[in-house]
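Taken in order, these protein sequences are the chains called W and H.
Quick note on my numbering: the first sequence kicks off at 1 and runs consecutively.
Quick note on my numbering: the second sequence kicks off at 307 and runs consecutively.
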Amino acid sequence: MITVESLTKTYGGFTAVDGVTFTARAGRVTGFLGPNGAGKSTTMRIMVGLTPATSGTAHIDGRRFAELPNPGLEVGVLLDASAQHAGRTGREILTIAQRTMGLPARRVDELLDLVSLTPEEAGRRVRNYSLGMRQRLGIATALLGDPEVLILDEPANGLDPAGIRWMRDLLRGYADQGGTVLLSSHLLHEIEVIADDLVVIGQGRIVAQGTKAELLAAAGTLVRTPDVSTLARALMDADVEFGHAADALRVEADPDLVGRIALAAGVALTELRAADGAGLEEMFLELTSDTQRDTQRDATSEGAAA
Amino acid sequence: MTTLTLEHEHEHEREQAPVRVERAAPAPIPMSRIVAVEARKSFDTRSGFWLLASIAITAVIATAAVILWAPDDELTYASFGAAVGFPMAVILPMIAILSVTSEWSQRSGLTSFTLVPHRGRVVTAKAVVAVGIAVASMVLAFAIGAVGNLVGTTIAGTDVVWDMGLDDFLYIVGANVLGLLMGFMLGVLIRNSAGAIVAYFVYSLVLPSLSEVLAASQSWWGDLRPWVDFNYTQSFLFEGGFTGEQWANLAVSGGLWLVVPLTIGLWAVLRSEVK
Ligand SMILES: Nc1ncnc2c1ncn2[C@@H]1O[C@H](COP(=O)(O)OP(=O)(O)OP(=O)(O)O)[C@@H](O)[C@H]1O
Ligand SMILES: [Mg+2]
Numbered sequence: 001m002i003t004v005e006s007l008t009k010t011y012g013g014f015t016a017v018d019g020v021t022f023t024a025r026a027g028r029v030t031g032f033l034g035p036n037g038a039g040k041s042t043t044m045r046i047m048v049g050l051t052p053a054t055s056g057t058a059h060i061d062g063r064r065f066a067e068l069p070n071p072g073l074e075v076g077v078l079l080d081a082s083a084q085h086a087g088r089t090g091r092e093i094l095t096i097a098q099r100t101m102g103l104p105a106r107r108v109d110e111l112l113d114l115v116s117l118t119p120e121e122a123g124r125r126v127r128n129y130s131l132g133m134r135q136r137l138g139i140a141t142a143l144l145g146d147p148e149v150l151i152l153d154e155p156a157n158g159l160d161p162a163g164i165r166w167m168r169d170l171l172r173g174y175a176d177q178g179g180t181v182l183l184s185s186h187l188l189h190e191i192e193v194i195a196d197d198l199v200v201i202g203q204g205r206i207v208a209q210g211t212k213a214e215l216l217a218a219a220g221t222l223v224r225t226p227d228v229s230t231l232a233r234a235l236m237d238a239d240v241e242f243g244h245a246a247d248a249l250r251v252e253a254d255p256d257l258v259g260r261i262a263l264a265a266g267v268a269l270t271e272l273r274a275a276d277g278a279g280l281e282e283m284f285l286e287l288t289s290d291t292q293r294d295t296q297r298d299a300t301s302e303g304a305a306a
Numbered sequence: 307m308t309t310l311t312l313e314h315e316h317e318h319e320r321e322q323a324p325v326r327v328e329r330a331a332p333a334p335i336p337m338s339r340i341v342a343v344e345a346r347k348s349f350d351t352r353s354g355f356w357l358l359a360s361i362a363i364t365a366v367i368a369t370a371a372v373i374l375w376a377p378d379d380e381l382t383y384a385s386f387g388a389a390v391g392f393p394m395a396v397i398l399p400m401i402a403i404l405s406v407t408s409e410w411s412q413r414s415g416l417t418s419f420t421l422v423p424h425r426g427r428v429v430t431a432k433a434v435v436a437v438g439i440a441v442a443s444m445v446l447a448f449a450i451g452a453v454g455n456l457v458g459t460t461i462a463g464t465d466v467v468w469d470m471g472l473d474d475f476l477y478i479v480g481a482n483v484l485g486l487l488m489g490f491m492l493g494v495l496i497r498n499s500a501g502a503i504v505a506y507f508v509y510s511l512v513l514p515s516l517s518e519v520l521a522a523s524q525s526w527w528g529d530l531r532p533w534v535d536f537n538y539t540q541s542f543l544f545e546g547g548f549t550g551e552q553w554a555n556l557a558v559s560g561g562l563w564l565v566v567p568l569t570i571g572l573w574a575v576l577r578s579e580v581k
């Protein structure tokens, strides 16, 4: 489990990370989502002690990262796959990590195999690696010590579709076995498919967090019925917010809930679906375009409370 | 909304039953392992490998040069020692500089300082390795010089002269270790390969001549010089024999040029951001 509390990082007068608080739970994949420059990488660097926080704390299973006796065996970290000595071979980079962690030498071959780097490729210098090969090597380094916690900054970066699919299954497997997986991305589609929980950050602040289901529900439903007024009344009784759109209603709840409310109210529906362009994409753009809006803050606190 | 959403959410939420067994806390990483890894890192790249290889190569070249061009009466061990020692004074500081700065310039520090989240331990291991390399290199270079002395005198048909004692050797090793530590200090302080290398050459090539010029024209500098000019005080190490006052000179100027900036550099390394 990763616990981040009131984390703040300022560079001179600029606040890159602003009072960030969230928890990445064991057994779940937590997606850390935000547009470019939102503060994802900075937050992750602080978690692993590479960047000192201005204030606030980050703990891994209740301990600061620096307190871990052999961090590689407990936390797998991938921050920037190209941050390697360009003159070392892929195999050598893994070997250095394997020796530092005190693991048997065969782990290197196991991991090269796992990330599908051939022996010939592993013998090449990283300078000559493609983007995706570097990424695979970085993932191999993170997984080498079979850690229970994974902190991955944009792990899908540069992977081909098969690689992305493979990684998705791998991370799912890790979480299902009780591991904690935190991965960042600025690509919603990527994270929507794999994450159980989402933490959305914009301009250094958390703008939304909760389970994927909660946040999807918050994105709304479009419902069409000949009897708009009855449905509107039923929705009001159920305390669900909505807006009018021609002969339809845009409801701030997920289709499942809206359908049940309509059924209970005996209203026949002609259409029921996630609101136009609703997906996380729209929510994401909306939430991050302006983090100052009070309505979003409300949505955040509601989501967190639920 | 909240209550109904909750019901909905439970259907989607995965069963939270971590099946991973509690593991025993891993043992801390021993210092010896960090030193061994740092030693490996010093020659597992092409540049690192050739830098180390160049120690032996330049020692052989310097020895051959003495055999070929030195007059017969200068074919003594001291000549060979001076010749093989000279390239060391340049190569060893470079090895020390790059071992530190590559973590920043090549950005491998992102991994190194995450696997060992105590930068002081990594930097200490690098210092141990660098000093170890310096001592081993000097032994190797002087061994090559000794072979050269035997071969050279045999070719020239002169007597073999061993005019260098163990204490001379130790002084020279000491001087080279200090030179290497100066490079190490600059690496820690500057944390950029090009910057630290330039700084080292300014320190070792430019400053001595400025100091020399100043000493020639200003007598106050001439008096002060042994206490503040580390290059100058060190140079006596190469000439054997060291008086009590010279030891004091070395300690004071070394404190000024080595210990103080190294402390500042270490302080910065521990606090800086690695990215
Ligand atoms: N050393 C620094 N000095 C000044 N500003 C910095 C520094 N490091 C980071 N920043 C700023 O902090 C903000 C957050 O950067 P960060 O790299 O964490 O973003 P990110 O969410 O990872 O973005 P991306 O999706 O593009 O990777 C950016 O505006 C960046 O310019
Ligand atoms: Mg980033």
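Think of the CB as a built atom: it goes at the ideal place given N, C-alpha and C, for glycine as much as any other residue.
- In the displayed model, Arg346 (chain H) falls within a helix according to three-state DSSP.
- It is roughly 43 angstroms from the alpha-carbon of Ala431 (chain H) to the alpha-carbon of Gln524 (chain H).
- Ranked by Cα distance from Ala24 (chain W), the options W:Glu192, W:Glu241, W:Gly243, W:Ala175 are led by W:Ala175.
- The residue from W:Met133, W:Asp80, W:Val228 with its alpha-carbon nearest to that of Leu269 (chain W) is W:Val228.
- The DSSP-derived three-state label of Ala248 (chain W) is strand.
- Per DSSP, reduced to three states, the secondary structure at Val366 (chain H) is helical.
- With a cut-off of 6 angstroms, the C-beta of Lys9 (chain W) is classified as distant from ligand 2, since no heavy atom of the ligand falls inside that distance.
- Within chain H, Thr351, Ser408, Gln412, Ser414 have C-beta atoms less than 7 angstroms from the C-beta of His85 (chain W), given in sequence order.
- When C-alpha distances from Leu484 (chain H) are compared across H:Val366, H:Phe542, H:Ala500, H:Gly354, the shortest belongs to H:Phe542.
- The closest heavy atom of ligand 1 lies less than 6 angstroms from the beta carbon of Ala16 (chain W).
- Looking at the DSSP output, Tyr129 (chain W) bridges to nothing.
- By the criterion of at least three beta-carbon pairs nearer than 8 angstroms, the segment 548 to 566 of chain H is not in contact with the segment 31 to 48 of chain W.
- Only residues of its own chain outside the window of five on either side were considered, and among them Val479, Val483 have a CB closer than 8 angstroms to the CB of Val441 (chain H), listed in chain order.
- Counting along the chain, the unbroken beta strand (DSSP E) around Ala58 (chain W) starts and ends at 55 to 60.
- Taking the Cβ of Ala38 (chain W) as the reference point, at least one heavy atom of ligand 1 falls within a distance shorter than 6 angstroms.
- Using a Cβ distance threshold of 7 angstroms, Phe65 (chain W) and Pro423 (chain H) count as a contacting pair.
- In this structure, Ser82 (chain W) has its beta carbon at no less than 6 angstroms from each heavy atom of ligand 1.
- No heavy atom of ligand 1 is found nearer than 6 angstroms to the CB of Ser510 (chain H).
- Here the alpha carbons of His85 (chain W) and Ser414 (chain H) stand approximately 5 angstroms from one another.
- Distances from the alpha-carbon of Tyr11 (chain W) to those of W:Thr42, W:Thr3, W:Glu5 put W:Thr42 closest.
- At a cut-off of 7 angstroms, the C-beta of Thr420 (chain H) has a neighbouring C-beta in chain W.
- Per the coordinates, the alpha-carbon of Ile439 (chain H) lies some 31 angstroms from the alpha-carbon of Leu68 (chain W).
- Contact annotation, Gly489 (chain H) with Pro399 (chain H): C-beta distance approximately 3 angstroms; criterion of less than 8 angstroms satisfied.
- As the crow flies, the alpha-carbon of Asp529 (chain H) is around 20 angstroms from that of Glu545 (chain H).
- Excluding the 5 residues flanking it on each side, Arg531 (chain H) has same chain C-beta neighbours closer than 7 angstroms at Ser517, Ala521, Tyr538, in chain order.
- For a cut-off of 8 angstroms, the C-beta gap from Ile503 (chain H) to Ile403 (chain H) is around 6 angstroms, short enough to register as a contact.
- Sorting W:Ala140, W:Ala195, W:Ile2, W:Leu257 by C-alpha distance to the C-alpha of Arg273 (chain W) places W:Leu257 at the top.
- Counting other Cβ atoms within 10 Å of its Cβ, Leu495 (chain H) reaches 16 or more and is therefore classed as buried.
- Looking at W:Asp196, W:Glu110, W:Val17, the one whose alpha-carbon comes closest to that of Ala213 (chain W) is W:Asp196.
- Counting only runs that start and end inside the segment 140 to 223 of chain W, the beta strand (DSSP E) elements of at least 3 residues fall at 149 to 153, 180 to 185, 197 to 202, 205 to 211.
- Scanning its chain for C-beta atoms nearer than 6 angstroms, with the 5 sequence neighbours on each side dropped, one finds around Val558 (chain H) the residues Trp533, in chain order.
- Rounded to whole angstroms, Ala365 (chain H) and Ser116 (chain W) show a C-alpha spacing of 44 angstroms.
- Residues of the same chain with a CB within less than 6 angstroms of the CB of Val181 (chain W), apart from the 5 flanking positions on each side, are Val29, Leu150, Leu171, Tyr174, Ala175 in chain order.
- For Asp469 (chain H), the three-state secondary structure derived from DSSP is coil.
- Taking 7 angstroms as the threshold, the shortest C-beta distance from Glu579 (chain H) to chain W falls below it.
- The residue among H:Val429, H:Ala370, H:Ile363, H:Ser510 with its C-alpha nearest the C-alpha of Trp573 (chain H) is H:Val429.
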